[in-house]
Amino acid sequence: METKPWHRHYDYNVPTTIRYPRVLAQDILQISAGTNPDKAALNFYGTEMTFWELRQQALRMANALGALGVQKGERVGLHLPNCPQYVIAYLATLSLGAIAVNLNAMYTADELKPMIENTGMTTLFTFDLVLPAIRTVCQEVDIPRIVVTRVTDYIKGMGVSTPEDLELEEGWHHFSTLMDNCSDTRVPRVQIAPDDPALIQFTGGTTGIPKGAVLTHANIVAATFQCSLWGNPTMTLIPPERRSVLAVLPYFHVYGNIVAMNWAMANCATQILVPRFDLNELMGLLANFNEITFFPTVPTLITALINHPKATELNLAKKLGLLNSGAAPMPVELIQQVRDMGIFFSEGYGLSESTSLGISNPVLGLKKVGSIGVPFPDNDVRLVDIDKGVEDVPQGEPGEIIMKGPLIMKEYWNNPEETANQLRDGWLYTGDIATEDEDGYIFIVDRKKDMIIAGGFNIYPREIDEVLYQHPKVMDAVAVGIPHEYRGETIKAYIVLKPGETATEDEIMDFCKQKLAAYKTPKSVEFRDSLPKSIIGKVLRKILREEEERKQKGSTS
23 METKPWHRHY DYNVPTTIRY PRVLAQDILQ ISAGTNPDKA ALNFYGTEMT
73 FWELRQQALR MANALGALGV QKGERVGLHL PNCPQYVIAY LATLSLGAIA
123 VNLNAMYTAD ELKPMIENTG MTTLFTFDLV LPAIRTVCQE VDIPRIVVTR
173 VTDYIKGMGV STPEDLELEE GWHHFSTLMD NCSDTRVPRV QIAPDDPALI
223 QFTGGTTGIP KGAVLTHANI VAATFQCSLW GNPTMTLIPP ERRSVLAVLP
273 YFHVYGNIVA MNWAMANCAT QILVPRFDLN ELMGLLANFN EITFFPTVPT
323 LITALINHPK ATELNLAKKL GLLNSGAAPM PVELIQQVRD MGIFFSEGYG
373 LSESTSLGIS NPVLGLKKVG SIGVPFPDND VRLVDIDKGV EDVPQGEPGE
423 IIMKGPLIMK EYWNNPEETA NQLRDGWLYT GDIATEDEDG YIFIVDRKKD
473 MIIAGGFNIY PREIDEVLYQ HPKVMDAVAV GIPHEYRGET IKAYIVLKPG
523 ETATEDEIMD FCKQKLAAYK TPKSVEFRDS LPKSIIGKVL RKILREEEER
573 KQKGSTS
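Residue numbering for the sequence shown follows my numbering, starting at 23 and increasing by one per position.
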């Protein structure tokens with residue numbers, strides 16, 4: 023790969039190109055199982071499972087699935103929160119050459135149905151709390167094999183469920199019973215190539231049917247080792263017996279899957295599994311550990327943590343080794359707060375289609391506030407004109423990010439039209455608009471689809487978000503373009519104030535007028551208790567825009 027301007031800013035241990043192990047995605051576990059078999063791989067509410075025990079359980083489940091008829095290439099749904107059963111089912115599926123399909127554990131029957139139909143799913147792992155939705159889906163879609171668990175089955179002292187406890191339908195399978203009835207821990211003899219599909223990761227679309235990004239074994243291995251090398255300037259200083267990762271990010275999302283689960287298996291780190299996010303519960307969990315090596319998370323959660331009344335007494339700076347933020351842009355003010363606390367911090371960027379992170383700030387090297395960083399080794403990034411996506415834009419000018427490298431998906435499952443639209447000559451068109459400086463550092467401007475056009479001006483709402491976050495009373499904020507009869511669109515700000523604070527609409531707008539051109543200033547402000555967000559903490563501007571459109575239609579009807 024040719025030398026790029028950003029290469030000189032890599033940390034001392036990061037090469038410009040990587041010799042990736044010739045292993046399959048499920049073999050990543052063997053790195054730790056073979057070197058530290060008795061180290062805890064999983065910690066689930068205090069119940070631990072060693073790396074060797076995890077290996078054996080995954081192989082038993084793989085052979086149990088094989089006995090049920092699961093074959094290479096079949097799609098196996100993982101409809102589970104972060105729990106040992108997810109990790110076991112994921113590894114078992116890949117060991118058979120089958121394709122894991124990540125499904126949001128909170129999805130309703132209506133949300134699950136199109137994904138099941140799109141992939142032709144033959145097996146589904148699910149859990150007790152969502153069985154009403156699964157029963158509804160099964161009335162409309164045929165899924166040959168359903169495997170059900172109770173999430174607490176892997177917590178000592180909570181007991182283990184039975185098929186009768188869960189009132190399983192005839193023909194459905196019980197997770198623990200399958201394990202109990204299969205003692206075979208031989209590796210299945212299946213021919214699997216690095217370019218074979220391993221995972222289908224649906225994108226977080228809010229309209230229509232989400233697209234399923236097909237990630238290969240080679241994609242997952244490359245993503246895991248790129249993340250591992252990137253974080254190693256500090257991680258390698260911590261001995262394996264002390265390494266841990268706080269796994270709050272859901273594994274059914276590619277960010278959590280790669281940066282928490284697979285990173286941990288490659289680096290001999292204990293996964294502290296958190297099946298659902300509850301702030302007070304998380305603060306209690308943090309109090310129970312003296313140190314956490316790595317905490318990959320999202321801006322929303324970081325905001326909640328550092329504003330929590332117990333943040334100071336927990337001494338988070340001493341407790342957390344490395345904090346990584348991704349999935350959504352990190353406000354500049356929040357970055358400064360984290361750095362002032364003395365926590366090693368890095369912000370990154372990636373998509374489902376790029377197997378999680380592909381761009382990040384160096385851990386020890388040059389960081390530029392407001393930048394998502396530089397491309398990982400072996401990845402190339404260009405900024406091209408927004409209209410046609412053909413010409414590279416001049417340095418400093420906004421353009422659409424396109425990416426190429428070993429992280430980029432194979433295709434969208436069963437969707438050749440969208441594949442052709444997003445993948446062109448090996449380049450992934452991200453839909454994100456950014457600028458690049460002379461050092462190759464990339465600064466996100468906004469989502470192409472979120473750009474506001476008001477009175478002929480192109481306005482990037484993230485710039486307004488950054489100003490709103492500078493207001494001392496604001497905890498959470500977002501700017502949205504809403505329909506306007508004369509200007510086409512106008513800007514509305516949605517604000518969540520810090521606890522105990524009060525503010526007026528005029529106060530917020532006057533603050534913005536001091537820092538923004540008149541055409542960028544919000545024309546209205548709405549105060550809320552919370553903002554609508556995706557499972558990984560992205561503010562759903564589209565939901566707010568649709569709410570406003572419904573209000574406007576109601577007032578004119």
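Glycine included, C-beta positions come from ideal geometry on N, C-alpha and C.
Asked: Assigned secondary structure, G576 (DSSP; H/G/I helix, E/B strand, else coil); Found: helix
Asked: Span of the alpha helix (DSSP H), counted from its first residue to its last, around G74; Found: The amino acid at residue 74 is misidentified as Gly; the sequence shows Trp. Per DSSP, W74 belongs to the alpha helix (DSSP H) from 73-90.
Asked: Close-in-space but distant-in-sequence residues of the same chain around G503 (CB under 6 Å, 5 per side omitted); Found: I474, E511
Asked: Contact set for H196: own chain, Cβ-Cβ below 8 Å, skip 5 residues either direction; Found: V169, V170, T171, S183, T184, P185, L188, L190
Asked: Cβ pair count under 8 Å reaching 3, the region 283-297 against the region 248-264; Found: yes
Asked: Delimiting residues of the alpha helix (DSSP H) encompassing M425; Found: Where M425 is concerned, there is no enclosing alpha helix (DSSP H), although the beta strand (DSSP E) it sits in stretches over 421-426.
Asked: Complete beta strand (DSSP E) runs within the region 255-309 (minimum length 3 residues, chain order); Found: 266-269, 292-295
Asked: Three-state class that DSSP yields for G227 in the structure shown; Found: Low confidence applies here, because G227 scores a pLDDT of 44, under 50, leaving its location unreliable and the question unanswered by this model.
Asked: Cβ contact (3+ pairs, closer than 8 Å) linking the region 110-127 and the region 31-50; Found: yes
Asked: Contacts around S376, its chain only, beta-carbon distance under 7 Å, and the 5 residues preceding and following it disregarded; Found: M425, L429, I430, L450
Asked: Residue interval of the beta strand (DSSP E) (run including D402); Found: 402-406
Asked: Cβ distance (whole Å) where L295 is taken to contact N104 below 8 Å; Found: 5 Å
Asked: Alpha-carbon to alpha-carbon, V209 and W74; Found: 14 Å
Asked: Under the three-state DSSP convention, the category I486 falls into; Found: helix
Asked: Cβ-Cβ distance between K340 and E313 below 9 Å; Found: yes
Asked: Exposure of R563, with buried meaning 16 or more beta-carbon neighbours within 10 Å; Found: buried
Asked: Residues bridged to E70 [DSSP beta-bridge criterion]; Found: N65
Asked: L259 versus K542 - alpha carbon distance; Found: 47 Å
Asked: Cβ neighbours of L125 in the same chain (closer than 7 Å, five flanking residues each side left out); Found: G99, L100, H101, L134, M137, F274
Asked: Inter-stretch contact at 8 Å, needing at least 3 Cβ pairs: the region 31-47 / the region 57-76; Found: no
Asked: Where T238 falls: helix, strand or coil (DSSP); Found: strand
Asked: Assigned secondary structure, V518 (DSSP; H/G/I helix, E/B strand, else coil); Found: strand
Asked: Coarse secondary structure for E523, derived from DSSP in three states; Found: coil
Asked: Integer Cβ distance of I324 from L356, believed to fall under 8 Å; Found: 6 Å
Asked: Given P331 as reference, the closest of T72, M128, P521 once Cα atoms are compared; Found: P521
Asked: Three-state secondary structure assigned by DSSP to E570; Found: helix
Asked: D33 versus L90: straight-line alpha-carbon distance, rounded; Found: 48 Å
Asked: Between the CA atoms of T199 and R469 - distance to the nearest angstrom; Found: 47 Å
Asked: Residue span of the beta strand (DSSP E) that contains D454, given as start and end; Found: 449-458
Asked: Residue of A80, T130, P297 minimising C-alpha distance to D202; Found: A80
Asked: R44 beta carbon near the ligand ATP (any heavy atom closer than 8 Å); Found: This structure lacks the ligand ATP, and indeed carries no ligand of any kind.
Asked: Member of T148, R265, P384 whose CA lies at the smallest distance from the CA of V36; Found: P384
Asked: Contact between the region 446-466 and the region 486-505 (3+ Cβ pairs under 8 Å); Found: no
Asked: CA-to-CA distance, I40 to A539, given in whole angstroms; Found: 46 Å
Asked: The alpha helix (DSSP H) enclosing G95, as first and last residue numbers; Found: G95 -> no alpha helix (DSSP H), and no H or E assigned at all.
Asked: Neighbourhood of E433 by C-beta, 6 Å cutoff - its chain only, sequence neighbours within 5 removed; Found: V236, T441
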